[in-house]
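Peer 1: Position one of the sequence shown corresponds to residue 658 (the numbering used here), numbered consecutively onward. For glycine and all other residues, C-beta sits at the position ideal for the given N, C-alpha and C.
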Amino acid sequence: MNIVLFGPPGAGKGTQADMLIQKYHIPHLSTGNIFRAAIKNETELGLKVKSILDEGGLVEDQLTVDLVAEELAFARYNSGAIFDGFPRTVFQAESLDKLLAKKDARIDFVFSLEVPKEELIRRILSRGQGRTDDTEEGIHNRLEVYNKETAPVLAYYKEKGLVHDIDGIGTVEEIFGRIAGFLH
Ligand code: AMP
Numbered sequence: 658m659n660i661v662l663f664g665p666p667g668a669g670k671g672t673q674a675d676m677l678i679q680k681y682h683i684p685h686l687s688t689g690n691i692f693r694a695a696i697k698n699e700t701e702l703g704l705k706v707k708s709i710l711d712e713g714g715l716v717e718d719q720l721t722v723d724l725v726a727e728e729l730a731f732a733r734y735n736s737g738a739i740f741d742g743f744p745r746t747v748f749q750a751e752s753l754d755k756l757l758a759k760k761d762a763r764i765d766f767v768f769s770l771e772v773p774k775e776e777l778i779r780r781i782l783s784r785g786q787g788r789t790d791d792t793e794e795g796i797h798n799r800l801e802v803y804n805k806e807t808a809p810v811l812a813y814y815k816e817k818g819l820v821h822d823i824d825g826i827g828t829v830e831e832i833f834g835r836i837a838g839f840l841h
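1) Please report how far the alpha carbon of A750 lies from the alpha carbon of Y814, in whole angstroms.
2) For G825 and D765, I'd like the C-alpha separation in whole angstroms.
3) Does S708 come out as helix, strand or coil in the three-state DSSP assignment?
4) Taking DSSP as the reference, what is the three-state secondary structure of S736?
5) With C-beta atoms as the reference, is A762 less than 8 Å away from I683?
6) Report yes or no: do three or more beta-carbon pairs, one from the stretch 726-737 and one from the stretch 685-704, lie closer than 8 Å?
7) Please classify K759: is it buried, with 16 or more other beta-carbons within 10 angstroms of its beta-carbon, or exposed?
8) Among L724, V767, E775 and K680, which one has its Cα closest to the Cα of E816?
9) Any heavy atom of the ligand AMP within a distance shorter than 7 Å of the CB on G689?
What follows is the structure in structure tokens.
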């Protein structure tokens with residue numbers, strides 16, 4: 658099963674991904690986590706993307722898609738993945754469809770976490786994970802990029818009838834219940 662967790666920064670994608678992994682044992686594929694690990698390990702990729710992440714911009718599409726293609730080649734993704742923070746552009750969404758088609762797979766569900774902007778900012782500022790992009794300016798940029806580049810991805814999936822809107826307000830368990838309700 659392939660699931661896209663969709664939503665603006667701070668919507669709770671990572672938290673809900675963790676819950677899904679625990680319950681359904683589907684591996685998590687977070688491009689943000691891959692980039693942060695590369696930065697931490699000072700790899701070539703890390704050096705290339707560090708300033709982009711710090712500023713809240715988007716890493717180049719083809720680079721991101723190639724990375725996901727490499728990741729999806731691992732056997733652990735043979736029965737699916739939870740995509741978190743990817744796809745973030747329509748190009749990435751189309752590329753993902755092609756990558757999955759090669760494996761005779763497809764996106765089965767897109768869960769769109771709906772959270773008002775003020776709440777997103779409050780959550781990001783209070784999550785205190787020490788992320789270098791969790792500053793007022795970084796958040797502002799990420800929300801702007803989200804509205805411009807990423808929001809159209811939702812229309813792409815809506816057209817395919819894959820999107821389930823999830824009220825992203827409530828406890829972690831309540832929100833998870835709303836998602837899991839579609840998976841039984
Ligand atoms: P995230 O952990 O998903 O919030 O991602 C953190 C940062 O990594 C983003 O603000 C982008 O700079 C970069 N990033 C993560 N995923 C992508 C993606 N799919 N396309 C481009 N940039 C990404």
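Peer 2: With the given structure in hand:
1) 9 Å
2) 20 Å
3) helix
4) coil
5) no
6) yes
7) exposed
8) V767
9) yes
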